[in-house]
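A.B. asks: Got a structure here, written out as structure tokens. Questions coming.
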Amino acid sequence: MLTTKPRFQTFAEYLQYEDNSEEHYELFNGELVEMPPESGLNFQIANRLFLVFALMLGTDRVRGHGLELEVRGEPKNRYPDLTIIREEHIKLLSQRNTILLSMSPPLLVIEVVSPGEIQRERDYIAKRSQYQDCGIPEYWIVDPQTQTILVLELRG
1 MLTTKPRFQT FAEYLQYEDN SEEHYELFNG ELVEMPPESG LNFQIANRLF LVFALMLGTD
61 RVRGHGLELE VRGEPKNRYP DLTIIREEHI KLLSQRNTIL LSMSPPLLVI EVVSPGEIQR
121 ERDYIAKRSQ YQDCGIPEYW IVDPQTQTIL VLELRG
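One point on numbering: in UniProt numbering, the residue at position 146 of the sequence shown is 146, and numbering is uninterrupted.
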């Protein structure tokens, strides 16, 4: 049976949607775009970083790929590979693991660059711009291909 995905006029409408699946979607021009699973290497890198930060901050303040961020532009949401949240977020995220634009931004967002030019451009340019626009104070780009970590801090 062929089903059509719903269209959303606002991010608030999207937040009300439940499809009872484990899939992650980005909201792009009102349509749901299913996100592909992470590569094994990216998942492994993100998990190791999760463990390091969890030892320093505790597991409540460290969120993996399941945390959703509302952002400006298209798509309207992102799922960072790793996010360090504020203490105030812990209670706010107990119902839905989404940080809205109306909330304080997380302290740190980390993306592990996926293979491919489109993914590189997305992580280095599009996400960087969206995270900066949201006021996220620090953004790390972990690049397995170049074996580098680019640390970006928001100033001003």
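Cβ atoms here follow ideal geometry from the backbone N, Cα and C, with glycine treated the same way.
So, at 6 Å on beta carbons, what are the nonlocal neighbours of Ala46 in its own chain, with the 5 sequence-adjacent residues on each side left out?
C.D. replies: These residues qualify, in order along the chain: Asp81, Leu82 and Val112.
A.B. asks: Would you list, in sequence order, the uninterrupted alpha helix (DSSP H) runs of no fewer than 4 residues that lie entirely inside the segment 91-135?
C.D. replies: Taking only runs of at least 4 residues, the alpha helix (DSSP H) segments lying wholly in the segment 91-135 are 117-121 and 127-133.
A.B. asks: Spell out the partners DSSP gives Tyr25 in its beta bridges.
C.D. replies: Paired residues: Glu34.
A.B. asks: Rounded to whole angstroms, what is the Cα-Cα separation between Gly116 and Arg7?
C.D. replies: Cα-Cα distance, rounded: 29 Å.
A.B. asks: Within 10 Å of its beta-carbon, does Asn77 have 16 or more other beta-carbons around it, so buried, or fewer, so exposed?
C.D. replies: Buried is the call here.
A.B. asks: Look at the Cβ atom of Asn97, then the Cβ atom of Leu67, and state whether they are nearer than 7 Å.
C.D. replies: Yes.
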